[in-house]
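Each position in the sequence shown, counted from 1, maps to that position plus 8 in our numbering.
Every residue, glycine too, gets a C-beta built ideally from N, C-alpha and C.
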Amino acid sequence: MTRRALDPDVEAVLAAIEAERGLPLETLPVGEARILAATGLEPYAGNREDVAHVEDVRIGAGVTLRIYTPDDPVDRPAMVYFHGGGWVLCDLDTHDVVCRAIARRSGAVVVAVDYRLAPENKFPAAVDDCVAATAWVHANAKRLGIDPHRIAVGGDSAGGNLAAVVCLKARDWGGPPLALQVLVYPVTNLSSFDTDSYREFADGYFLTRSEMEWFRDCYLAGPGDASHWSASPLLAGDLSGLPPALVITAECDVLRDEGEAYARRLEQAGVRVTCTRYPGMIHPFFSMPGSIASARTAIDQVARAVSQSNS
């Protein structure tokens with residue numbers, strides 16, 4: 009296979025991963041896939057940055073939030089963060105490095121959400137948890153020391169999907185008001201994988217088409233769910249009235265085209281959008297700041313956007 013030109017940092021990471029690669033994730037029992045995903049990301053995540061205070065709290069029906077509070081004055085901005093992992097893998101610990109970095113560099117309180125995972129909890133369980141967590145953050149703004157008018161939502165991959173859906177639901181259900189949505193290589197269309205990026209990067213670039221098919225089948229209760237906008241926000245009829253968006257994509261990622269298509273639709277609907285494609289990057293480069301320089305650049309870009317957000 010002729011591989012698209014990759015960033016040298018990515019080439020080194022892929023070579024290391026391929027040297028140790030076992031069975032594909034989608035062929036493993038879910039429990040084993042979760043362990044492999046967590047341990048596979050860890051060597052590339054880098055060091056945890058110091059944050060003044062980190063606290064885990066449980067809300068509602070048992071959803072755990074991890075709250076990262078920087079050592080800054082009150083009335084900070086906030087970011088509610090939904091981790092990636094295809095709605096099946098990853099957790100608060102796999103994304104701890106990223107959330108700490110965003111909090112420290114933005115001066116914002118970052119609230120990471122440990123939403124229920126599939127296949128044990130099918131769609132829309134994760135959506136419901138993320139909506140509830142966002143509402144809780146807004147309702148507890150004073151306790152958290154945040155400005156209730158400067159709350160952003162964001163996430164990577166499946167987490168980007170959830171962030172987009174939370175924005176749509178907040179708009180349609182009367183709040184809470186959101187100042188920004190940060191969508192890092194988001195999944196926006198589970199109803200079709202008919203894109204150029206899916207064809208070009210279906211195999212050999214970390215996230216494969218077969219893995220995405222497995223994630224979709226684990227997440228959705230049935231094929232009809234794929235056409236619902238709460239699973240595929242690109243299919244929402246109206247994207248107007250949504251918060252400003254920062255959309256980040258990776259050049260060599262099956263999800264690239266649908267993320268950029270969502271950015272275009274937001275812009276066409278009158279939403280202020282910044283869309284950045286990182287050249288030579290793969291999925292999930294954003295979670296690898298210890299090994300990939302562009303990941304550190306992207307985290308800085310997210311932190312700036314959160315620090316400057318204002319509804």
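Leaving aside the five residues that flank A60 on each side, the residues in its chain whose CB is nearer than 7 Å to its CB run, in chain order, T77, P78, D79. At least 7 Å separates the beta-carbon of S248 from that of A271.
In this structure, DSSP gives Y206 a helical state, which the three-state scheme calls helix. Judged by their CB atoms, Y89 and G153 are not nearer to each other than the 7 Å cut-off.
Taking 4 residues as the minimum length, the alpha helix (DSSP H) runs contained wholly in the stretch 182 to 228 are 204 to 208, 217 to 227, in order along the chain.
In the same chain as V62, and ignoring 5 residues on each side of it, the C-beta atoms closer than 6 Å to its own belong to Y76, in chain order. Looking at the backbone, the Cα of C260 and that of I290 are separated by about 5 Å.
Our two residues, W181 and D137, have alpha carbons roughly 15 Å apart in a direct line. Three or more Cβ pairs drawn from the stretch 206 to 221 and the stretch 20 to 33 lie within less than 8 Å of each other, which places the two stretches in contact. In terms of CA proximity to N197, A234 leads the group A234, V65, G39. Taking R179 as the centre and dropping the five residues before and after it, the same chain places the C-beta of G249, L250 closer than 7 Å to its C-beta, in chain order. The bridge partners DSSP lists for A301 come to none. Taking A111 as the centre and dropping the five residues before and after it, the same chain places the C-beta of V59, Y76, P78, V118 closer than 6 Å to its C-beta, in chain order. Contiguous alpha helix (DSSP H) elements confined to the stretch 113 to 187 occur at 133 to 147, 149 to 152, 166 to 180, taking only those with 4 or more residues. With a cut-off of 8 Å on Cβ pairs, the stretch 255 to 269 is in contact with the stretch 193 to 207, counting three or more such pairs. Taking every protein chain shown into account, the CB of N169 has 16 or more other CB atoms within 10 angstroms, so this residue is buried. Bridge partners of I290 according to DSSP: C260.
Residues of the same chain with a CB within less than 6 Å of the CB of C107, apart from the 5 flanking positions on each side, are Y76, Y89, V118, A120 in chain order. Secondary structure of R66 (DSSP, three-state): strand.
Assignment of T77 by DSSP, reduced to helix, strand and coil, places it in the strand class.
Boundaries around V21 are those of the alpha helix (DSSP H), 16 to 28, since no beta strand (DSSP E) includes it. In the DSSP secondary-structure assignment, H61 is bridged to T77. Distance from the CA atom of A133 to the CA atom of S240, rounded to whole angstroms, is 15 Å. When Cβ pairs closer than 8 Å are counted between the two stretches, the stretch 139 to 150 is seen not to touch the stretch 297 to 307, the count staying below three. In the three-state scheme derived from DSSP, where H, G and I count as helix and E and B as strand, T72 is classed as strand. The Cβ-Cβ distance between F294 and D164 falls below 7 Å.
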